[in-house]
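Numbering (the numbering used here), first residue to last: 116 to 915.
First comes the structure, then the notes that go with it.
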């Protein structure tokens, strides 16, 4: 805690000669208005002497030069000419403001000519200044804006500054005390870089974050209120400042933890924020990854030993294409205080030369093995990102890699490195795949790729985050129209992956571009292009152009209900109501798997009713499965196709599968009879297999051979019967709804059909009726032609 009686002199020296002893710290004088001033300085209500400049005072232009000696280089000091910057009254260092943004401690140097200021390499890198530039310099008074802020704590990244290194660990407490001894009373800000000579080895330090305390808000007992500030905040280093070190693993420096600073070797960067990764809709997944893979690495190695556990060494990210698996793995390096990850694509491992593929695997782990042998648990984390893992890690014995067996050898080599005799505890392997089912099971067990994280399609909230990320530049540059509603777009983009949302934004931009291209040319651009904005209508047009890979088969389903549903009988409303009950049953997750058989005579409208129920459900995933999609496939290919359809259906929170003419899927024919036993067995297994938790599935199957399915023992949980057009009233209703007949023609047709068939019973499918109407339209005598066609259909059904 800060104490009123041992405050540092804010204008005291900042070089290495400063002593940390508190008895040498001059007493700061406090003004009646609560502000502090240095000893011997005039009161704030007095006129300052000539040449004394507070912040915002007169500035001069100086040319950078190299530091005159090591006391300036490793003391974070700048040398100035006494003619340019007058020394302080007591001979202590002076604060200077460079380019109106960077504050450093300046010390006059008699040998430095006027017009120059010395800046070392770290300072020039921080300020982005070259030796050929000219900088604005003015004296800086930290109290000019009122009570000053002091540093309560600092997060500093440390690494070696040159080729001279050591494997000996650095004690954090000793390093922090040396930092305070060297730079006490200097001002520091986030992003600042500096050099420090410690044990004759140059270290480069970068300030990551600072927490300020305001001495003007001290409580009576001497405590100080912590104050979080923006990245531009700066404060004065005091003997009470808590310093937390994080190692720059790129230089291989080794920090030794302590009880007071257990997080010094933390694997997570102190300034990391999830939103900086540019990934949306994966908050839950990131939390789970962090808990499983990184939480144990935050604490000192000794704590993990006490628990008797080892760190997770492997993560498998799997899911549909375009959901952000590769992006996550690529961005994980930004959240970790570790070496740059090694990234390798699966196919790159394979090599035509004998043993070279296995050697490629060993090279990935070579650096981690070497460091672990030297440093043990103090070793830094080595991350290996393995994309398209299924390309080389298929099930052993499956023939992957050709007849040479190289695929099996690669899997064996990877298994031995992850969990072999010489286990490594400084490795994290991140594998990615679209086909988890193809990866060898031994690689997925505990101790290897033990954390399995499905990166699935984003929900509506996630899609809103992704849309916000991809339109950030548009909003910042004011090229997005005020009418664009991202929440509405998130609702409309059901089952869009992150990559497809990115494509949607690009497509919308292309529509905006097209409005500013002159008609009749492709190269000429409208002069009004500077006022171009991407509007809501552009996004709506893009929705018609960009379709999700996993989603609703809208075009196919709409063709099934072309012309709409004609409710010629009360039975139609009954069928639709029963179907909605089943939909709600699945939506409420009361029945995670529900199969419904819609059966009836050929042409009775079964497929149209199933398609209407599916589209009205509003489920994000609706897939229509038809026998025509499997023409030319053998039995194995059909089984693989069905398996993929069901697997895709598990990637969405609500799913519907419409299986049309299910008896034809199993190759049933009445001659024989014959059917495919293997396809039938696969279909039974897939329909009986419960979906993953939270992924309910509704199966709507249609058939004209209900008795055949009963004989094949292909059972369903519910059944709905669809009748033919039975009565004259139902036929008359359909004719009226078609608009092809006048009222008098309807009565004439009904009478003539009764005379021709010898009864009032119709008994034909609605599809037959509608087809007959469309054919009759082509004849001048609509009614006569329709009577002829329908009479034949009625007679055929009676005698079939």
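Even glycine gets a Cβ: it sits at the ideal position worked out from N, Cα and C.
Since residue i and residue j should fall inside the 8 Å C-beta cutoff, what is the C-beta to C-beta distance between them, to a whole number of angstroms?
i, j, result
"residue 437", "residue 612", "4 Å"
"residue 883", "residue 817", "Actually they are not in contact, since the Cβ atoms of residue 883 and residue 817 sit about 17 Å apart, beyond 8 Å."
"residue 569", "residue 434", "5 Å"
"residue 766", "residue 572", "6 Å"
"residue 757", "residue 801", "6 Å"
For residue i, which option in the options has the closest C-alpha, if you only look at C-alpha atoms?
i, options, result
"residue 625", "909, 761, 660 and 603", "660"
"residue 725", "769, 673 and 183", "673"
"residue 293", "352, 238, 326 and 253", "352"
"residue 690", "595, 815 and 781", "815"
"residue 905", "859, 858, 735 and 849", "849"
"residue 558", "525, 747 and 231", "525"
"residue 270", "201, 795, 757 and 326", "326"
"residue 823", "797, 779 and 807", "779"
"residue 65", "806, 810, 789 and 812", "Given a span of 116 to 915 for the chain in the structure shown, any question on residue 65 remains unanswerable."
"residue 350", "432, 258, 830 and 421", "258"
"residue 246", "860, 231 and 478", "231"
"residue 807", "777, 642, 768 and 820", "768"
"residue 328", "710, 348 and 879", "348"
"residue 398", "542, 443 and 772", "443"
"residue 431", "552, 176 and 756", "552"
"residue 861", "843, 297 and 676", "843"
"residue 173", "596, 179, 252 and 190", "252"
"residue 370", "179, 318, 400 and 664", "318"
"residue 561", "759, 617, 183 and 427", "427"
"residue 880", "761, 909 and 711", "909"
"residue 616", "665, 648 and 632", "665"
"residue 685", "677, 549, 441 and 839", "839"
"residue 356", "295, 313, 322 and 412", "295"
If you follow the alpha helix (DSSP H) that residue i is part of, which residue opens it and which one closes it?
i, result
"residue 821", "821–826"
"residue 462", "461–464"
"residue 652", "651–660"
"residue 884", "881–891"
"residue 177", "It is not in any alpha helix (DSSP H) - residue 177 instead sits in the beta strand (DSSP E) that spans 175–180."
"residue 795", "792–803"
"residue 187", "185–188"
"residue 231", "Not the alpha helix (DSSP H): residue 231 falls in the beta strand (DSSP E), residues 231–233."
"residue 674", "669–675"
"residue 753", "750–764"
"residue 431", "Per DSSP, residue 431 belongs to no alpha helix (DSSP H); it is in the beta strand (DSSP E), 429–433."
"residue 778", "777–780"
If you follow the beta strand (DSSP E) that residue i is in, where does it begin and where does it stop?
i, result
"residue 195", "192–195"
"residue 785", "Looking at the DSSP string, residue 785 is not in any beta strand (DSSP E), and its letter there is neither H nor E."
"residue 818", "812–818"
"residue 217", "217–223"
"residue 399", "Per DSSP, residue 399 belongs to no beta strand (DSSP E); it is in the alpha helix (DSSP H), 398–404."
"residue 209", "209–213"
"residue 771", "770–774"
"residue 543", "542–548"
"residue 497", "497–502"
"residue 357", "357–362"
Q) Do the stretch 736–752 and the stretch 850–860 make contact, defined as three or more Cβ pairs closer than 8 Å? A) Flag = no, the stretch 736–752 and the stretch 850–860 do not touch.
**Q.** Cβ pair count under 8 Å reaching 3, the stretch 213–224 against the stretch 272–279
**A.** Flag = no, the stretch 213–224 and the stretch 272–279 do not touch.
Q. What are the complete alpha helix (DSSP H) segments, minimum 4 residues, inside the stretch 239–319?
A. Fully enclosed alpha helix (DSSP H) runs of 4 or longer: 287–298.
Q | Within the stretch 836–861, ranges of the beta strand (DSSP E) (whole runs, at least 3 residues) | A | The stretch 836–861 is shown to contain no whole beta strand (DSSP E) run of 3 or more residues.
Q. Three or more C-beta pairs closer than 8 Å, one from the stretch 564–580 and one from the stretch 601–618: is that the case here?
A. Segments in contact, yes.
Q. Taking contact to mean at least 3 C-beta pairs separated by less than 8 Å, is the stretch 178–198 in contact with the stretch 223–234?
A. A contact exists between the stretch 178–198 and the stretch 223–234.
Q | Meets three-Cβ-pair contact criterion under 8 Å: the stretch 830–838 and the stretch 690–699 | A | The answer is yes - the stretch 690–699 touches the stretch 830–838, with three or more Cβ pairs under 8 Å.
Q.
Contact between the stretch 739–748 and the stretch 701–719 is defined here as three or more beta-carbon pairs at a separation below 8 Å; is this criterion met?
A. Result no; under three Cβ-Cβ pairs closer than 8 Å.
Q) Below 8 Å, can you find three or more Cβ-Cβ pairs linking the stretch 590–600 to the stretch 647–664? A) Between the stretch 590–600 and the stretch 647–664, the count of Cβ pairs shorter than 8 Å is three or higher; the stretches touch.
Q) Hey, which unbroken runs of the beta strand (DSSP E) at 3 residues or more fall wholly within the stretch 691–738? A) Counting whole runs of 3 or more residues, the stretch 691–738 contains the beta strand (DSSP E) stretches 708–714.
Q) Which runs of the alpha helix (DSSP H), 4 residues or longer, sit entirely within the stretch 560–618? A) When DSSP assignments are scanned along the stretch 560–618, the uninterrupted stretches of alpha helix (DSSP H) that are 4 or more residues long and fall wholly within it turn out to be 575–585, 587–591 and 601–607.
Q | Segment contact flag, the stretch 201–210 with the stretch 231–242, C-beta cutoff 8 Å, min 3 pairs | A | By the Cβ test, the stretch 201–210 is not in contact with the stretch 231–242, since fewer than three Cβ pairs between them sit closer than 8 Å.
Q: Evaluate contact between the stretch 494–504 and the stretch 539–553, counting only Cβ atoms and requiring at least three cross-stretch pairs below 8 Å.
A: Contact holds: three or more Cβ-Cβ distances are below 8 Å.
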